[in-house]
Amino acid sequence: MISPEISKAIIKKLIRHALALMLLLVLVLIITGIPQDFNIVSYNARNIPNMDLDEIANAVIKNFISFLDGTSLLVRIQGETAGSLLIRTASKSFAVLFAGSLLALAGGVLFGIFAARKKNTAGSAKLLLSLIPLSVPDLLTITLVHLFVLYLYNNGISLLGIPPIPAYGDSTIINAVYPAISISILPAAYIARITSGVIEEDMTKLHILAARAKGCSRFVIIRDHILKNVLYKILSAYPAVIGILFSSLVIAERLFYYKGMAFYLIFLRTSPLIPAYEAGVAFSLFVSILCVIYYLIYTALDVIKSILLIGTRK
Amino acid sequence: MPLLKVQGLKTYFYIENSEYPAVDDVSFTLDEGRILAVIGESGSGKSVMSMSIMGLIDPPGKISGGHIIFKGEDLLEKTERQMRRIRGNEISMIYQDPMSALDPLNKAGDQISEALMIHKKAKKREARSIAFESMRSVGISDAEKRYDHLPEHFSGGMRQRLMIAVAISCKPSLLIADEPTTALDVTIQADILDLICHLKDEINMSVILNTHDLGIVAKMADDIIVMYCGQIMESAPCKELFDDPRNPYTRKLMSCIPRADKEKGELDTIKGYVPHLTELPKGCRFRNRCDFAKAECAVVNPKLVEVKKGHFSRCILNDR
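Quick mapping for you: the protein sequence lines, in order, are chains W and H.
For the first sequence, position 306 matches number 410 in the working numbering, and the numbering has no gaps at all.
For the second sequence, position 283 matches number 987 in the working numbering, and the numbering has no gaps at all.
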């Protein structure tokens, strides 16, 4: 049973997030509404745009209207409507995002617990935890995974009894494995840092000392006394993790030629095969839907957080 | 055979290649069913000594020497796994700050059940019903309802009762109470102390009571140890120590207690501060604050000598 206090907090959050999402969508639709063939050329030391302001404004307004009345869903991309392409690609991207998210959470928490065991603060595990998220760009990490995958596939090497997984394509669900692994590495490192930090901090608290004095083992202490706090901190940081997952998804889908939503974002923007107007409207639709999805996840996490926060005060 | 025999216990802290003696060559015995009060100012080593007995000293601290014989077995020879079977089961501890010694995110009752499930291998339901009993035995009414409350719904005194319930749930032989009333309102201090005494008799456990409140000591303790800068300055049975304190530090502590039979006037204080572990003076550690200090005190750290049967003191004056 949700108390009135929690309901009030949830409603407040929903309204705030809905307003923020609307503002974000307006910005996205303005930026993506600018025609794809818009250009500025230099001629006789002058910069001349190939469209005037009215044309751009009309295109942006048209973009708004087509998004709001749903006609953007009917634009045809390579013989398929943007709506059906969106649904088809979204399911593929979500498989990768969901698997990547779970991998990041499980791997990050486990690695964080392991890293917190190291008494020496300059331990290599901790050093890696600090280095990976801060120093290595996601592009490099995913490229390294991709190269490794290519090596495995080209040499027909199977891991853990699984036959070699194709390094490219999206024909089967198994193709989602490598993209999911590659997008989960950075978030896992991020979660591991949070986990080990919270464990180390909590281990010095008096209630943990009291738990040790009760005869609790380290495992029991982490499971029963620290993990709740760890999960709460991870939940607070998860919007940032989702952000990393989304940005990594663009790189992973492109490198692994996995035709999900993020793949089509690049494809629509760069392919000369699709007319500029159709590509622009579909691109705008894809980006807007990604924003909506991100915001829905963010709102859900925020609501869960407030329920937990207020719930623990009950 | 005494329940606990501590011999030459040394707990040092090692920081940047230097060693700092938080507990330095401490020896005492504690018999079954008795209350041993450990008194001393903050920083005298009472808590570190208790933590040493519990085997909860973490780096940079380390037990560098001595023996802690509990029920005939040296705790310092036990592995961490063996010590875990003793902690909370045979030896329990309560802390001075019940506000932060309870897990804020776990139900009050679950914190009692936890020890029972670990040590007595009780099933959750069984542990729950024993926890109800423990809660009632420490004076928490409506135990069934309050079991599911979080610690923040309990007052300071109630939280300390809860801590005591956690500590006694497995009926330990030894309870270490580390300044159990320091953080509490004066009006409930007496209740908590009475509760500890009552439970001690009921379970027939021994108690090590760390405090700097001599009033508590006079009321409760059977034996007393006076600590200063990690060393025992004086130890004796309670009545003997109050009747005939031999060490200048003990005398000074006693002169600081307000007494009803004393004429009106300013309360005595001990000049200066307890020196930090990193700045311990050579010779007698109390000499900078002692009214009877002599040049010799700066040279020799006197040994703990038996001045009367069962009465020990560490001062060069005792040798004369």
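Think of the CB as a built atom: it goes at the ideal place given N, C-alpha and C, for glycine as much as any other residue.
- Counting only residues of its own chain and dropping the five nearest sequence neighbours on each side, A805 (chain H) has a CB closer than 7 Å to the CB of Y799 and M867.
- Sequence-ordered contacts of the segment 728 to 754 of chain H with chain W are nonexistent [C-beta pairs closer than 9 Å].
- Contacts with chain H at 9 Å (Cβ-Cβ) include C320 (chain W).
- Sequence-distant partners of C320 (chain W) (beyond 5 residues in either direction) whose C-beta falls short of 8 Å from its own C-beta, in its chain, are D328 and H329.
- Looking at the backbone, the Cα of Y851 (chain H) and that of A812 (chain H) are separated by about 6 Å.
- Residues of chain W whose Cβ lies closer than 8 Å to the Cβ of M797 (chain H) are, in chain order, A314 and A317.
- DSSP places R180 (chain W) in the strand class (E or B) of the three-state scheme.
- Here the C-alpha atom of N258 (chain W) lies approximately 22 Å from the C-alpha atom of I287 (chain W).
- At least 9 Å separates the beta-carbon of P343 (chain W) from that of L412 (chain W).
- Proximity of the segment 830 to 850 of chain H to the segment 754 to 765 of chain H falls short of the contact definition, fewer than three beta-carbon pairs being nearer than 8 Å.
- Going by DSSP, I285 (chain W) is part of no beta strand (DSSP E) but of the alpha helix (DSSP H) stretching over V281 to M307.
- The segment 819 to 834 of chain H and the segment 777 to 787 of chain H do not touch, with fewer than 3 CB-CB distances between them shorter than 8 Å.
- Excluding the 5 residues flanking it on each side, I355 (chain W) has same chain C-beta neighbours closer than 7 Å at D242, L243 and I246, in chain order.
- It is roughly 18 Å from the alpha-carbon of D173 (chain W) to the alpha-carbon of A161 (chain W).
- Taking a beta-carbon distance threshold of 9 Å, V324 (chain W) counts as an interface residue toward chain H.
- Taking all protein chains shown into account, D948 (chain H) has fewer than 16 neighbouring C-beta atoms within 10 Å of its C-beta and is therefore exposed.
- Boundaries cannot be given for G843 (chain H), as no beta strand (DSSP E) includes it and DSSP labels it neither H nor E.
- Partner residues in the beta bridge of V727 (chain H), as assigned by DSSP, are H:T715.
- Beta-bridge analysis with DSSP links G765 (chain H) to H:F717.
- The beta-bridge partner set that DSSP reports for L734 (chain H) consists of H:L708.
- Residue range E784 to I790 is occupied by the alpha helix (DSSP H) that includes R785 (chain H).
- Assignment of beta-bridge partners to T915 (chain H) by DSSP yields H:I743.
- Assigned with DSSP and collapsed to three states, I929 (chain H) falls in strand.
- Within chain H, L809 have C-beta atoms less than 8 Å from the C-beta of N333 (chain W), given in sequence order.
- By the criterion of at least three beta-carbon pairs nearer than 8 Å, the segment 872 to 888 of chain H is in contact with the segment 907 to 925 of chain H.
- Annotated as distal: L879 (chain H) and L897 (chain H), with beta-carbon spacing of 9 Å or more.
- Taking every protein chain shown into account, the CB of L971 (chain H) has fewer than 16 other CB atoms within 10 angstroms, so this residue is exposed.
- For L172 (chain W), no Cβ of chain H is located within less than 9 Å of the residue's own Cβ.
- Taking C-beta atoms as the reference points, M937 (chain H) and C901 (chain H) fail to come closer than 9 Å.
- Straight across, the Cα-Cα distance linking E781 (chain H) with R789 (chain H) is about 14 Å.
- Residues of the segment 344 to 374 of chain W whose Cβ lies closer than 9 Å to any Cβ of chain H: none.
- Contact between K196 (chain W) and Y362 (chain W) holds, since their C-beta atoms are separated by about 7 Å, short of 8 Å.
- When DSSP states are grouped into helix, strand and coil, L349 (chain W) belongs to the helix group.
- The Cβ neighbour count for C1019 (chain H), taken over all protein chains shown within 10 Å, is at least 16; the residue is labelled buried.
- In the DSSP annotation of this structure, F171 (chain W) is not part of any beta strand (DSSP E); the continuous alpha helix (DSSP H) holding it starts and ends at L157 to L172.
- For T185 (chain W), the three-state secondary structure derived from DSSP is strand.
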